[in-house]
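Be aware that the sequence shown starts at 1006, since it is given in our numbering, and climbs by one per residue.
Input: a single structure, listed below in structure tokens.
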Amino acid sequence: GALLFWSLSMPSRTAEAAVYWAGASPDVPLSDGVHGRDITFCFAASAVTMRPDRVAEIIDAIGDFEDAANIRFYAPSGERVAQAVTNNIQGLACPAPIPVLGLDFFPGDIRVVIPNSGLPFTTGPVPGAGCPMQTQPASSWGNEPWLLEENHSCQYNVKLGDDADAAGVPWRNHTLHEIGHALGLAHEHQRNDVNAGCTESDYGGGITGGLLTPYDRYSVMHYKFDSCGINGNYDHTGLSAWDKLALHIMYPEDNRVAEFVGTTVIQGGEMLTLQSAWLARGANLNFAASNFLWKIDGQQYTGPTLNINLGIGEYTLEFSYVDMLGRDYYYSGPVRVLDVDEFYAEVVAPTAANLPLLYPNAYYDITAALTLIADDNATFYFPAGLFAHNVVIDYANQPPMQVGLQTAGLFYDIEATELATGEPA
1006 GALLFWSLSM
1016 PSRTAEAAVY
1026 WAGASPDVPL
1036 SDGVHGRDIT
1046 FCFAASAVTM
1056 RPDRVAEIID
1066 AIGDFEDAAN
1076 IRFYAPSGER
1086 VAQAVTNNIQ
1096 GLACPAPIPV
1106 LGLDFFPGDI
1116 RVVIPNSGLP
1126 FTTGPVPGAG
1136 CPMQTQPASS
1146 WGNEPWLLEE
1156 NHSCQYNVKL
1166 GDDADAAGVP
1176 WRNHTLHEIG
1186 HALGLAHEHQ
1196 RNDVNAGCTE
1206 SDYGGGITGG
1216 LLTPYDRYSV
1226 MHYKFDSCGI
1236 NGNYDHTGLS
1246 AWDKLALHIM
1256 YPEDNRVAEF
1266 VGTTVIQGGE
1276 MLTLQSAWLA
1286 RGANLNFAAS
1296 NFLWKIDGQQ
1306 YTGPTLNINL
1316 GIGEYTLEFS
1326 YVDMLGRDYY
1336 YSGPVRVLDV
1346 DEFYAEVVAP
1356 TAANLPLLYP
1366 NAYYDITAAL
1376 TLIADDNATF
1386 YFPAGLFAHN
1396 VVIDYANQPP
1406 MQVGLQTAGL
1416 FYDIEATELA
1426 TGEPA
């Protein structure tokens, strides 16, 4: 589910139903493919009384969505679901329907039925006067967000089975998969850009629209394909990195800040290099966002990356873009280009003061504090005040030791054999 923004038009569906993506469904506006931030979540029939432990498992799992995105699940009682499961589990029960013009109206955005909770888990109509949906005994499924109003006459709009591992523990990913559908994510394995090396039946499809990230075999929205080594929704791994990214894009923060990665305090002579954080995390910007605009003191640059040279001084940076739903994002802040003395006084020296002493067989966070020249020897040049001398890692025929160098968030493992003291820094 991390890779696809689910915007389909279907009167009803099961997990096996065909999927129509946003680009192929002109009758469904993209903006209808998500809920708002606050989502009411409840359990149909007598689940909270008959199966409180299973209810607690499900509530624990959906906390992953709240951690990944600007989503807040509320019980009908008004409490956050995580509080209700501890303080007032009865508050998680779906309210009784309200009759409206001879039809039932069931309150609640996501209404979940589980087995052995007082409702038949069989083939037939979903209970509710006026409900248009049918269900099947062996399937789990979740309604799309835009069917919320259409299916308010149905007692439930998510059917969640107890599919479990060999120890009898329900698969966490199975819960995330079905609630992912209800939040607007579609089947990952039905994309047309899946791995061609996997030829198992039902793997792959014709979906080309709504792709938020590259194909993701680790997504909870993926089915299990044993011969391809994909566990998908039958695992306990939780949301993948791209699942989380997709949800973050679909459900952004209330204050939509244009996100980027890069350093805005640099030394004179360095290039200012900034990049959209969505792109850096793997988003497909052909769909997810557009209209990227950078401004440096009013000078405009377009695209998701910025690479420019600036003279020494202070500048005002502005960054903006629009997502696939037409929502605007904006950032404004300073960029500082410092001369050598300022850079070492303001950036390098404070960083160095917080670094640990250098010990063999340890990892060190040595970011802006050094330059690495890799040839036959790797020499670490430290600024004055960090160490009295440079440290040279000499490649000799000694038992290797590991020295970790972290630069720009990446660890480099250097096979080294001897630490020697070089000339004073």
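Backbone N, C-alpha and C fix where the C-beta goes; we use that ideal spot for every residue, glycine too.
Comparing C-alpha positions only, which one of Y1336, T1307 and R1341 sits nearest to I1317?
Answer by Cα proximity: R1341.
Margin query: The beta strand (DSSP E) that contains W1299, what's its start and end?
Written below: A1294 to I1301
Euclidean distance between Cα positions of A1052 and F1111: Approximately 16 Å between the Cα atoms of the pair.
* Which same chain residues, not among the five before or five after G1237, have their C-beta less than 6 Å away from its C-beta? -> H1227, Y1228 and K1229
For T1180 and S1224, I'd like the C-alpha separation in whole angstroms. Answer to the nearest angstrom: the Cα atoms are 13 Å apart.
Fill in: Collapsed DSSP secondary structure at W1176 in the structure displayed
coil
Exercise. Report the partner residues of E1319 according to the DSSP bridge assignment.
Key: Beta-bridge pairing links E1319 to R1341.
Checklist entry - Since Q1088 is in the alpha helix (DSSP H), which residue starts that stretch and which ends it? => result V1086 to N1092
With distances taken Cα to Cα, identify the nearest neighbour of P1130 among N1289, N1162, V1345 and S1295. N1162
* To do: Identify which residue in N1312, S1281, D1168 and T1310 has its Cα closest to the Cα of Y1334.
  => S1281
Quiz item: What are the uninterrupted segments assigned as alpha helix (DSSP H) that are 4 or more residues long and contained completely in the stretch 1067-1141, given in chain order?
Solution: Listed in chain order, the complete alpha helix (DSSP H) runs (minimum 4 residues) inside the stretch 1067-1141 are 1086-1092.
Margin query: With a threshold of 8 Å, are at least 3 pairs of Cβ atoms found where one atom belongs to the stretch 1135-1152 and the other to the stretch 1032-1049?
Written below: yes
Cβ of I1094 within 8 Å of Cβ of P1057? yes
| query | When the Cα atoms are used, what is the spatial distance from A1288 to M1329? | reply | Straight through space, the alpha carbons of M1329 and A1288 are spaced by roughly 12 Å.
V1053 - containing alpha helix (DSSP H), residue span = A1052 to M1055
Worksheet entry | Cα-Cα separation between H1192 and G1147, rounded to whole angstroms | The alpha-carbon atoms of H1192 and G1147 are separated by roughly 12 Å.
**Prompt:** If I1076 and I1115 are in contact, beta carbons under 8 Å, what's the gap, nearest whole angstrom?
**Reply:** About 11 Å; that fails the 8 Å criterion.
Query raised in the report: Is V1090 near I1067, with beta carbons less than 8 Å apart?
Result: no
Assuming R1177 and H1241 form a contact by the criterion Cβ under 8 Å, report the distance between their Cβ atoms to the nearest whole angstrom.
5 Å
- prompt: Going by other Cβ atoms of all chains shown within 10 Å of its Cβ, with 16 needed for buried, is L1284 buried or exposed?
  reply: buried
### Task
Please list the segments of the beta strand (DSSP E) lying wholly inside the stretch 1168-1212, counting only runs of 3 or more residues, in order along the chain.
none
Applying the 10 Å Cβ sphere with the 16-neighbour rule, what's the burial state of Q1195? buried
DSSP state of M1226 mapped onto helix, strand, coil: coil
query = In chain order, what residues of the same chain have a beta carbon less than 6 Å from the beta carbon of I1103, not counting five sequence neighbours either side?
reply = Cβ neighbours of I1103 beyond the five flanking positions: F1110.
Nearest to P1034 by alpha carbon, out of R1261, K1249, G1215 and S1144?
G1215
| Going straight from the alpha carbon of A1134 to that of D1198, what length do you get? | 42 Å
With a cut-off of 8 Å on the beta carbons, I'd call Q1272 and F1348 a contact; round off their distance for me. Right, the Cβ-Cβ distance comes to about 4 Å (below 8 Å), so this counts as a contact.
| query | Run through DSSP, which three-state label would G1331 get? | reply | coil
- Query: In terms of residues, what are the limits of the alpha helix (DSSP H) holding D1248?
  - Reply: A1246 to M1255
Among T1128, G1113 and C1136, which residue has its Cα nearest to the Cα of G1107? C1136
Review point. Once you ignore the five residues that flank S1337 on each side, which residues in its own chain have a CB closer than 6 Å to its CB?
Key: E1323
**Q.** Nearest to L1234 (by Cα), restricted to the options F1265, S1158, Y1208 and E1183
**A.** Here residue 1234 is Gly; the residue named in the question, Leu, does not match the sequence. Closest option to G1234, Cα to Cα, is Y1208.
Q.
On the DSSP bridge list, what partners appear for I1271?
A. V1342
Do A1251 and Y1326 have their CB atoms nearer than 8 Å?
-> no
query = Got a sec? Which residues, its chain only, sit under 6 Å from I1184 by beta carbon, not counting five neighbours each side?
reply = I1067
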